[in-house]
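Engineer:
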Amino acid sequence: MKNLKMSIAAMLLLAVSFTNAQEKEKMNMDHGKMNMDKMKDAKAEVVLNDYFMMKDALVGDDTKKAAQAGTKLMASLKAFDMTKYSKEDQKELIDIIEDATEHAEHISKSPMEHQREHFKTLSKDITDMVAITGTSSKLYEQFCPMYDKGSAWLSTSNDVRNPYLGKKMPSCGKVQREINN
Amino acid sequence: MLKSKLTKMKIVKIIVLVLLVAFVGIQFVPTERNQSDVVPKTDFMLVNDVPKEIENKLQVSCYDCHSNNTAYPWYNKIQPVAWFMEDHIKKGKEELNFNEWADYSDRRKKSKLKSIISQIKDDEMPLSSYTLIHKDASFSEDDKKKVITWLTQLKDN
Chain Y
40 MKNLKMSIAA MLLLAVSFTN AQEKEKMNMD HGKMNMDKMK DAKAEVVLND
90 YFMMKDALVG DDTKKAAQAG TKLMASLKAF DMTKYSKEDQ KELIDIIEDA
140 TEHAEHISKS PMEHQREHFK TLSKDITDMV AITGTSSKLY EQFCPMYDKG
190 SAWLSTSNDV RNPYLGKKMP SCGKVQREIN N
Chain Z
4 MLKSKLTKMK IVKIIVLVLL VAFVGIQFVP TERNQSDVVP KTDFMLVNDV
54 PKEIENKLQV SCYDCHSNNT AYPWYNKIQP VAWFMEDHIK KGKEELNFNE
104 WADYSDRRKK SKLKSIISQI KDDEMPLSSY TLIHKDASFS EDDKKKVITW
154 LTQLKDN
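Order-wise, the sequence lines are chains Y and Z.
Here my numbering is used: position 119 in the first sequence is 158, and no number is missing along the way.
Here my numbering is used: position 43 in the second sequence is 46, and no number is missing along the way.
1) Consider the Cβ of glutamate 84 of chain Y: report whether some Cβ of chain Z lies at a distance smaller than 8 Å.
2) Can you give, in chain order, each stretch of the alpha helix (DSSP H) that sits fully within the segment 120-157 of chain Z and has at least 4 residues?
3) Which residues does DSSP pair with phenylalanine 182 of chain Y in a beta bridge?
4) With respect to the alpha helix (DSSP H) encompassing isoleucine 81 of chain Z, which residues constitute its N-terminal and C-terminal limits?
5) Is there a Cβ of chain Z sitting closer than 8 Å to that of threonine 140 of chain Y, yes or no?
6) Measuring alpha carbon to alpha carbon, tell me which residue in Z:Pro54, Z:Lys149, Z:Leu130 is nearest cysteine 65 of chain Z.
7) Quick check on the burial criterion: 16 or more other C-beta atoms within 10 angstroms. Buried or exposed for phenylalanine 101 of chain Z?
8) Restricting to Cα atoms, I'd like to know which of Y:Asp167, Y:Thr172, Y:Ile146, Y:Asp128 is closest to alanine 81 of chain Y.
9) Any contact of the segment 18-31 of chain Z with the segment 124-144 of chain Z, i.e. 3+ C-beta pairs under 8 Å?
10) Please list the partners that serine 121 of chain Z has in chain Y, where partner means a Cβ-to-Cβ separation under 8 Å.
11) Can you tell me where the alpha helix (DSSP H) with serine 115 of chain Y in it begins and where it stops?
12) Return the CA-CA distance between valine 41 of chain Z and phenylalanine 47 of chain Z, expressed in angstroms with no decimal places.
13) Does lysine 6 of chain Z get closer than 8 Å to chain Y when you measure Cβ to Cβ?
14) Alpha carbons only, please: which of Y:Tyr90, Y:Leu132, Y:Leu193 is nearest the one belonging to lysine 123 of chain Y?
15) Counting along the chain, where does the alpha helix (DSSP H) carrying phenylalanine 91 of chain Y start and finish?
16) Compile a chain-ordered list of the residues in the segment 101-121 of chain Z whose CB is closer than 7 Å to at least one CB of chain Y.
17) Compute the Euclidean distance between the alpha carbons of aspartate 106 of chain Z and threonine 45 of chain Z, then round it to the nearest angstrom.
18) As an exercise, report each continuous alpha helix (DSSP H) stretch of at least 4 residues that is fully enclosed by the segment 151-177 of chain Y, in chain order.
19) Quick check: the Cα distance between aspartate 145 of chain Z and isoleucine 17 of chain Z, rounded to an integer number of angstroms?
20) So serine 175 of chain Y and threonine 195 of chain Y are in contact, right, with Cβ under 8 Å, and what is the actual spacing, rounded?
21) Identify, in the order they occur along the chain, each residue of the same chain with its Cβ nearer than 6 Å to the Cβ of methionine 185 of chain Y, setting aside the five sequence neighbours on each side.
22) In chain Z, which residues lie with their C-beta within 7 Å of the C-beta of threonine 160 of chain Y?
23) Taking isoleucine 135 of chain Y as the query, report the chain Z residues whose CB atoms sit under 8 Å from its CB, ordered along the chain.
24) Given a cut-off of 8 Å on the beta-carbon distance, is the pair isoleucine 92 of chain Z and asparagine 37 of chain Z in contact?
25) Restricting to Cα atoms, I'd like to know which of Z:Glu98, Z:His137, Z:Trp104 is closest to alanine 74 of chain Z.
26) Output needed for serine 39 of chain Z: all residues of its chain with C-beta closer than 6 Å, excluding positions within five of it in sequence on either side, in chain order.
27) Would you kindly work out how many angstroms separate the C-alpha atoms of glutamine 154 of chain Y and lysine 148 of chain Y, rounded to a whole number?
28) Which same chain residues, not among the five before or five after glutamate 58 of chain Z, have their C-beta less than 8 Å away from its C-beta?
Now the structure itself:
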């Protein structure tokens, strides 16, 4: 019985690492392709990276790491350069960044439940930002109907790992949209 | 024996005197008063159609720290209470200033409303240190329901 469990676990692990590797390869390919056809906004990519670091911390119920990501995100939002965008986009971006900065700041100094509340609105801000800036990687907008009457977030993988419910219900939710910029 | 008792008395006297001088001294440290007669055109109550009951509740419970005009109680003239309050008001206005409502972008208005609702719902605001003295500022269950329902409507419109 114990042996059987062990081998099932081993197989699962193998399967997971295999799909992960495949995904990485796919991402790398996308990256190469996108870079060739258009240079994307590097400063926006840093913002996205910090956002994903925060998302992963919340998935793992890690308040401290989420707070650190909040501080990082505040800095990368501040460093964002919008001069190359149209006047109209700039106006929108100013609003987005102002709002997102405030959420990042709250996340940098709040307990977990409060962090998640702010993460919800922050996710909307970041999604709207990506709609303007674009990104070199493929993103997935995911949605969990169970948190606060339904909440969305962004992920680089189509595998659902829930930042709102964390370890309590890690796989609750579904991919509701693919973002290909 | 008698001598040591006397020196002890002396030390206590000195300490009390020092504290007294310090207490009087800090009264001269100026604090910034958060007071204004003007209600700017951007005020929450002027740009939104707020029912009287809701307006009263928000004015009484929130405006002392979240607007440019605080209704100061008499003891606020005494330090160190004044410092404590000054700090609270400064932080409160940074987070949310109802007087500047119309200056917030639509995105931020939504964000602010969401936070206001969640703070009231979770009893995090008004602060318990504030309602301890301002009894009329605290929210009854009925107040909460009414205010939250109205604010939610405003947010979703």
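Heads up, the beta-carbon is just placed ideally off N, CA and C, and yes, glycines get one too.
Structural biologist: Reading off the structure:
1) For the purposes of this step, residue 84 of chain Y is taken as the residue at position 45 of the first sequence. Not an interface residue.
2) 131-134
3) Counted from its first residue, the first sequence places residue 182 of chain Y at position 143. Y:Ala191, Y:Lys213.
4) Within the second sequence, numbered from 1, the residue matching residue 81 of chain Z stands at position 78. Here isoleucine 81 of chain Z belongs to no alpha helix (DSSP H), and DSSP marks it neither H nor E.
5) The sequence position of residue 140 of chain Y within the first sequence is 101, counting from 1. Threonine 140 of chain Y does not count as touching chain Z.
6) Numbered from 1 along the second sequence, position 62 holds the residue referred to as residue 65 of chain Z. The candidate whose alpha carbon is nearest that of cysteine 65 of chain Z is Z:Leu130.
7) As a first step, residue 101 of chain Z must be located in the second sequence, where it is residue number 98. Burial call: buried.
8) For the purposes of this step, residue 81 of chain Y is taken as residue 42 along the first sequence, with counting starting at 1. Answer by Cα proximity: Y:Thr172.
9) no
10) Translated into the one-based positions of the second sequence, residue 121 of chain Z becomes position 118. Here the neighbours are Glu156.
11) As a position in the first sequence, residue 115 of chain Y is number 76, starting the count at 1. Taken as a continuous stretch (DSSP letters only), the alpha helix (DSSP H) holding serine 115 of chain Y covers 102-117.
12) Here the question's residue 41 of chain Z lines up with position 38 in the second sequence. Here the question's residue 47 of chain Z lines up with position 44 in the second sequence. Valine 41 of chain Z and phenylalanine 47 of chain Z: Cα-Cα distance of roughly 14 Å.
13) Here residue 6 of chain Z refers to the residue found at position 3 when the second sequence is read from its first residue. No, no contact with chain Y.
14) Here the question's residue 123 of chain Y lines up with position 84 in the first sequence. When each option's Cα is compared against that of lysine 123 of chain Y, the closest is Y:Leu132.
15) Here residue 91 of chain Y refers to the residue found at position 52 of the first sequence. Where phenylalanine 91 of chain Y is concerned, the enclosing alpha helix (DSSP H) stretches over 81-98.
16) Ser108, Arg110, Arg111, Ser114, Lys117, Ser121
17) The residue given as residue 106 of chain Z occupies position 103 in the second sequence. The residue given as residue 45 of chain Z occupies position 42 in the second sequence. Using only the alpha carbons, I get a separation of about 7 Å.
18) 151-172
19) Here the question's residue 145 of chain Z lines up with position 142 in the second sequence. Here the question's residue 17 of chain Z lines up with position 14 in the second sequence. Near 54 Å, if we compare the C-alpha coordinates of isoleucine 17 of chain Z and aspartate 145 of chain Z.
20) Start at 1 with the first residue of the first sequence, and residue 175 of chain Y comes out as number 136. Start at 1 with the first residue of the first sequence, and residue 195 of chain Y comes out as number 156. Actually they are not in contact, since the Cβ atoms of serine 175 of chain Y and threonine 195 of chain Y sit about 11 Å apart, beyond 8 Å.
21) Here residue 185 of chain Y is taken as the residue at index 146 of the first sequence, counted from 1. Cys211, listed in sequence order.
22) Sequence index remark: in the first sequence, residue 160 of chain Y carries index 121 (1-based). Per Cβ cutoff of 7 Å: Ser114, Lys117.
23) Locating residue 135 of chain Y in the first sequence gives position 96, where the first residue counts as 1. The contacting residues are Arg110.
24) Taking the first residue of the second sequence as position 1, residue 92 of chain Z is located at position 89. Taking the first residue of the second sequence as position 1, residue 37 of chain Z is located at position 34. Closer than 8 Å, so yes.
25) Locating residue 74 of chain Z in the second sequence gives position 71, counting from the first residue. Comparing Cα-Cα distances from alanine 74 of chain Z to each of Z:Glu98, Z:His137, Z:Trp104, the minimum goes to Z:His137.
26) Taking the first residue of the second sequence as position 1, residue 39 of chain Z is located at position 36. Here the set comprises Asn71, Asn72.
27) As a position in the first sequence, residue 154 of chain Y is number 115, starting the count at 1. As a position in the first sequence, residue 148 of chain Y is number 109, starting the count at 1. Their backbone Cα atoms lie some 8 Å apart in a straight line.
28) As a position in the second sequence, residue 58 of chain Z is number 55, starting the count at 1. Answer for glutamate 58 of chain Z: Met48, listed in chain order.
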